[in-house]
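Mapped onto full-length UniProt numbering, the consecutive letters of the sequence shown carry residue numbers 1 to 114. Heads up, the beta-carbon is just placed ideally off N, CA and C, and yes, glycines get one too. For clarity, every value in this text was computed on a predicted model and none was experimentally measured. A quick write-up on the structure given underneath.
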Amino acid sequence: MTGALFDSVFMRKLLPLLAEECQLKKQKVEVDSGVDPAVQISEALANFFGVSEREMPQWNITKRLWEYINVNRLQDPQTMTILCDAKLQEIFGCESIGALDIPGVLGRHLVGRT
1 MTGALFDSVF MRKLLPLLAE ECQLKKQKVE VDSGVDPAVQ ISEALANFFG VSEREMPQWN
61 ITKRLWEYIN VNRLQDPQTM TILCDAKLQE IFGCESIGAL DIPGVLGRHL VGRT
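Put into structure tokens, the structure is as follows:
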């Protein structure tokens, strides 16, 4: 078989297989509604944010927490450690916390999905 003929035959066999694979992948993809369901937050977290309502989207909890940390310059840029002030100590229960440990500790204040 010549090179061009081989490439042509190979491509004719390969293209339907690729199309089928793409179709299967499209079917497996779940559509994300883009809506983050609200979670119930603990009373301590509601007090921290200064809100009376105890429901908040999880993305907003994270955003507001990091805004507080950044505005008050509580993160050590070299070690990525958060140095907790009195308000954060009420939430985290410690003097410092690693940035990557925040979601786990914060999870204690998320009562449940609504």
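By the neighbour-count definition (other C-beta atoms within 10 Å, threshold 16), residue 10 is an exposed residue.
Residue ranges of uninterrupted alpha helix (DSSP H) with 4 or more members, entirely inside the stretch 22-94 and ordered along the chain, are 43-49, 58-71 and 86-92. Annotation: the continuous alpha helix (DSSP H) that includes residue 104 extends over 102-106.
With a cutoff of 8 Å on beta-carbon distance, residue 74 and residue 88 are scored as near each other.
Shown here, residue 18 sits in a helix according to DSSP, grouped into three states. A straight line joining the alpha-carbon of residue 8 with that of residue 37 spans about 51 Å. Inclusion of residue 109 and residue 42 in the CB contact set at 8 Å is warranted, their separation being smaller than that value. DSSP lists 83 as the bridge partner or partners of residue 96.
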